[in-house]
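Trainee:
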Amino acid sequence: MCGIVGYIGERLAQPILLNCLRKLEYRGYDSCGIAVSGDELTVHKDAIRVEALTKVAPRLAGVAGIGHTRWATHGGPSRVNAHPHLDCSGNIAVVHNGIITNFRELRQQLTAEGHRFSSETDTEVIPHLIEKYDTGSLEVAVTAALREIEGSYAIAVLRAGEQKLVVAKKDSPLVIGIGDRENFVASDVPAFLEYTNRVIYLEDGDMGVITKYDIKISGNSHETARKEDKILWTADEAQKAGYDHFMLKEIHEQPRVIRNTLAEYVRSLEMTAKQGEIQSIDAGPIIMLACGTSYHASLIGKYVFEELLNIPVRVELASEFNHQKSTQSNSTAIALTQSGETADTLRAMKRLKNEGSRVIAITNVVGSTGSRLAHHTIYTRAGPEISVAATKTFIAQIMVLYQMAMSYA
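In our numbering, the protein residues as written are -16 to 392.
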């Protein structure tokens, strides 16, 4: 699993899909592929780089398509294991991020029913399940297929001859980009930011039907409205801008990020309300939850909070915390996640909310799952961080924690 893209509109899909995939290369991958729907469904994929795929794939005449960059999980890097995956008829294509935990049972069942598999992946059960339940309506078939699936997924589905995409998510990020007579879908905003900054973040259990004119989202089988957000940074900010690599660029951006983050904290009226909520934290313990670099920012935050506020603070790796016993219900949790989509951190946030704790998120992405899940959110204004090694977002998180501690001292 790695990166998902999708496009439907009036322009040729192939060059847009390949361009969107290039914007996700920073995530790392070992194979890639695209599927485009014209009069028929055409798939090109292999264990190669996006640039190589661009050179070898013939020109495809279709205005709807999906694409994927893959890090091998189930099955090694190879052409047959690369996404998109197809059903028996070759008419349904699926790209998928996540892990289907019951794929072996589903594969055995589908094989017994006559379905033919060509890969080692867990993903391939999805198009076959959709084929099994396909009686005409693609979205109905996708809904039925997802009822059988256990695990996590973000998927985009394309059927031959149809001018629509069907997308769905559970425990894996997926965002829709809203254009003018065209729409996009991706696992991460930089994929399509060159084309639009208007987005809708899907929530767990959502399914979307996307045409060039319309986006319909349903949650728990009922049509629902999801808030439209605007991305505040531009596509140019996600470029190297003359630097040799993104990490060097982002190191040099740190002074500006500190200014922007502090200005945001001071300026926002919402922050005043959040401070009011946090004034009551002396009634219970503070837990800081994070993974990776955000965890190290939390360790600094623990020192600052205890030094300035004389309040005990626990710092927990979210992945470890999820296996611990219940906490006190009157605790305040501060969850740090740069993307707002860190799976272990989100699980810990959900657990703490269910146990009655107040949850505050510190994140860099407006509208992300973490920001929607928390009772209150404080944003770092660091702009896009493309380098896998965190630099400017690490500094921004530390600045927010310092500002919080000094505000409440």
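Where is the CB? At the ideal position from N, CA and C, for every residue including glycine.
Output yes or no for whether 8 Å exceeds the beta carbon distance between H68 and E107.
Mentor: On the sequence shown, position 85 is the one that residue 68 refers to. On the sequence shown, position 124 is the one that residue 107 refers to. Yes.
Trainee: Does Y196 pass the burial test, meaning 16 or more other C-beta atoms within 10 Å, or should it be called exposed?
Mentor: Here the question's residue 196 lines up with position 213 in the sequence shown. Flag for Y196 reads exposed.
Trainee: Since G89 is in the beta strand (DSSP E), which residue starts that stretch and which ends it?
Mentor: For the purposes of this step, residue 89 is identified with residue 106 of the sequence shown, where counting begins at 1. The displayed chain sequence assigns Leu, not Gly, to residue 89. Per DSSP, L89 belongs to no beta strand (DSSP E); it is in the alpha helix (DSSP H), F86 to A95.
Trainee: Between V192, A318 and V287, which has its C-alpha nearest S302's C-alpha?
Mentor: In the sequence shown, the residue the question calls residue 302 occupies position 319. S302 has its Cα closest to that of A318, out of V192, A318 and V287.
Trainee: Can you look up I345 in the DSSP assignment and give me helix, strand or coil?
Mentor: Residue numbering aside, residue 345 sits at position 362 when the sequence shown is read from its first letter. I345: strand per DSSP, three-state reduction.
Trainee: Look at the alpha carbon of Y391 and the alpha carbon of I234, and state the distance between them as a whole number of angstroms.
Mentor: Taking the sequence shown and counting its residues from 1, one reaches residue 391 at position 408. Taking the sequence shown and counting its residues from 1, one reaches residue 234 at position 251. Spanning the two alpha carbons is a distance of roughly 30 Å.
Trainee: Around the Cβ of Q386, are there at least 16 other Cβ atoms within 10 angstroms (buried) or fewer (exposed)?
Mentor: Indexing the sequence shown from 1 puts residue 386 at position 403. Here Q386 is buried, its C-beta having at least 16 other C-beta atoms within 10 Å.
Trainee: Can you find at least 3 beta carbon pairs, one from the stretch 184 to 201 and one from the stretch 147 to 167, that sit closer than 8 Å?
Mentor: yes
Trainee: Which parts of the stretch 321 to 390 are runs of the beta strand (DSSP E), unbroken and 3 residues or longer, counting only runs that do not cross its ends?
Mentor: 341 to 346 and 359 to 362
Trainee: For the putative contact between G323 and T346, defined by C-beta atoms under 8 Å, what is the C-beta separation to the nearest angstrom?
Mentor: Within the sequence shown, the letter at position 340 stands for residue 323. Within the sequence shown, the letter at position 363 stands for residue 346. Correct: roughly 4 Å between the Cβ atoms.
Trainee: Could you name the residues that DSSP lists as bridge partners for N166?
Mentor: Walking along the sequence shown from the start, residue 166 turns up at place 183. Beta-bridge pairing links N166 to I(-9) and I161.
Trainee: Does the distance from the CB of A15 to the CB of T56 come in under 8 Å?
Mentor: Here residue 15 corresponds to residue number 32 of the sequence shown, with the count starting at 1. Here residue 56 corresponds to residue number 73 of the sequence shown, with the count starting at 1. Residue 15 is actually Cys in this sequence, not Ala. Result no, Cβ atoms of C15 and T56 do not sit closer than 8 Å.
Trainee: Among Y12, G45, V296 and R10, whose alpha-carbon lies nearest the alpha-carbon of A(-4)?
Mentor: Against the sequence shown, residue -4 aligns to sequence position 13. Measuring from the Cα of A(-4), the nearest candidate turns out to be G45.
Trainee: Can you look up T126 in the DSSP assignment and give me helix, strand or coil?
Mentor: Position 143 of the sequence shown, counted from the first residue, corresponds to residue 126. Reduced to three states, the DSSP call for T126 is helix.
Trainee: Confirm, please, whether the CB-CB distance from T325 to C274 is below 8 Å.
Mentor: What you label residue 274 is simply residue 291 of the sequence shown in a count that begins at 1. What you label residue 325 is simply residue 342 of the sequence shown in a count that begins at 1. Yes; because the gap between Cβ atoms is below 8 Å, this pair is in contact.
Trainee: Secondary structure at T37, three-state DSSP: helix, strand or coil?
Mentor: Position 54 of the sequence shown, counted from the first residue, corresponds to residue 37. Helix.
Trainee: Could you give the C-beta distance for T94 and E133, rounded to a whole number, given that I count them as a contact under 8 Å?
Mentor: The residue labelled residue 94 in the question sits at position 111 within the sequence shown. The residue labelled residue 133 in the question sits at position 150 within the sequence shown. The Cβ separation is near 18 Å, so there is no contact.
Trainee: Quick one: residues in its chain with C-beta nearer than 7 Å to the C-beta of K220, no 5 flanking neighbours on either side, listed in chain order?
Mentor: As a working note, residue 220 is residue 237 in the sequence shown. Sequence check: residue 220 is Glu here, not Lys. Once the five neighbours on either side are set aside, the close Cβ partners of E220 are G366 and P367.
Trainee: Would I183 and V149 be called neighbours here (beta carbons separated by less than 8 Å)?
Mentor: For this step, residue 183 is matched to residue 200 along the sequence shown. For this step, residue 149 is matched to residue 166 along the sequence shown. The answer is no: Cβ separation not under 8 Å.
Trainee: Verify whether the separation of the beta carbon atoms of A18 and V26 is less than 8 Å.
Mentor: Start at 1 with the first residue of the sequence shown, and residue 18 comes out as number 35. Start at 1 with the first residue of the sequence shown, and residue 26 comes out as number 43. Cβ distance < 8 Å, so A18 and V26 count as in contact.
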